[in-house]
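Asker: Following this message is one structure expressed as structure tokens.
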Amino acid sequence: LITQLPLSCLKMLAPVIFTFTTFLLSLQRCDSSSNGTLYKYQARTLNGSRTVNLSDYRELNALHEEMKPFGLTVLGFPCNQFGKQEPGQRHEILPGLKHVRPGNGFVPSFLLFEKGDVNGKDEQEVYTFLKSSCPPVGGDFGNINGRLFWEPLKISDVKWNFEKFLVGPDGKPVMRWHPCVAISEVRADVRKYLLQLYTQDVFN
Numbered sequence: 001l002i003t004q005l006p007l008s009c010l011k012m013l014a015p016v017i018f019t020f021t022t023f024l025l026s027l028q029r030c031d032s033s034s035n036g037t038l039y040k041y042q043a044r045t046l047n048g049s050r051t052v053n054l055s056d057y058r059e060l061n062a063l064h065e066e067m068k069p070f071g072l073t074v075l076g077f078p079c080n081q082f083g084k085q086e087p088g089q090r091h092e093i094l095p096g097l098k099h100v101r102p103g104n105g106f107v108p109s110f111l112l113f114e115k116g117d118v119n120g121k122d123e124q125e126v127y128t129f130l131k132s133s134c135p136p137v138g139g140d141f142g143n144i145n146g147r148l149f150w151e152p153l154k155i156s157d158v159k160w161n162f163e164k165f166l167v168g169p170d171g172k173p174v175m176r177w178h179p180c181v182a183i184s185e186v187r188a189d190v191r192k193y194l195l196q197l198y199t200q201d202v203f204n
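Position 147 of the sequence shown, counted from 1, bears residue number 147 in the numbering used here, the numbering being contiguous throughout.
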């Protein structure tokens, strides 16, 4: 279990990145030999206070709280390209989460960035990098009529809200999960990855 690991592994795990923004359950391993790392990209926090160098809301909160002591950081990038499900302005997103969806006073414990595109001609550079480093999850987009708001569609595109990427401490993408993959599966994969990193650190 991850809770049995010593604190020396704190430095070892970097972000799980997801889009807020369903069909074939899928996990893809990413190409760690791709050029660049996550650390060359920047994103502005939702409240605009700072620029940071780089499913389900409640489950992501739980994952973040559980794994935070071991170095995991969850980063959320709101997006309105999937069914126009995030139409609010920057200042409306947090109140919307708190009072509407999921509501009941929900406050994310993870860092949210400004809303932007994750696909298409105006996609954020960090997503261009992530998608070029990881094979696509799922082979198609399902019914696209009135649901997907970008052009051109590419097989490597993020398929829907809550697609996730795991990035290692070296800034290289490691895994990519389809939006339908349960957080419990993501948690198990992250634990396995952390244990693998810890084992390598101990024996190297």
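No residue lacks a Cβ here, since even glycine has one placed at the ideal position from N, Cα and C.
Helix, strand or coil: which one does DSSP assign to Phe-77?
Answerer: strand
Asker: Do you know offhand how far Asp-122's Cα is from Asn-161's?
Answerer: 17 Å
Asker: Let me know the beta strand (DSSP E) ranges lying completely inside the region 157-202, each 3 residues or longer, listed in chain order.
Answerer: 164-167 and 173-177
Asker: Hey, is the region 26-42 in contact with the region 176-190, meaning 3+ C-beta pairs nearer than 8 Å?
Answerer: With three or more CB-CB distances shorter than 8 Å, the region 26-42 counts as touching the region 176-190.
Asker: Would you list the residues sitting across from Gln-28 in a DSSP beta bridge?
Answerer: Arg-176
Asker: By the 10 Å Cβ neighbour count, where 16 or more other Cβ atoms means buried, how is Pro-152 classified, buried or exposed?
Answerer: exposed
Asker: Report the rounded CA-to-CA distance for Gln-89 versus Glu-66, giving the unit in angstroms.
Answerer: 30 Å
Asker: Thinking C-alpha only, which one of Lys-40, Val-137 and Asn-80 is nearest Leu-148?
Answerer: Answer by Cα proximity: Asn-80.
Asker: With a cut-off of 8 Å on the beta carbons, I'd call Phe-129 and Gly-36 a contact; round off their distance for me.
Answerer: 6 Å
Asker: Assign Phe-113 to one of three DSSP states: helix, strand, or coil.
Answerer: strand
Asker: Per DSSP, what kind of secondary structure is Arg-58 in: helix, strand or coil?
Answerer: helix
Asker: Sort out for me which residues DSSP pairs Phe-82 with in a bridge.
Answerer: Leu-148
Asker: Measure the CB-CB distance between Lys-159 and Phe-141 and report whether it falls below 8 Å.
Answerer: Yes, the Cβ-Cβ distance between Lys-159 and Phe-141 is below 8 Å.
Asker: Are the Cβ atoms of Ser-34 and Ser-109 separated by less than 8 Å?
Answerer: no
Asker: Put Arg-101 into one of helix, strand or coil per three-state DSSP.
Answerer: coil
Asker: In three-state terms, what does DSSP make of Met-67?
Answerer: helix
Asker: Leaving out five residues before and five after Pro-136 in sequence, what residues of the same chain have Cβ atoms less than 6 Å from its Cβ?
Answerer: Ile-155 and Ser-156
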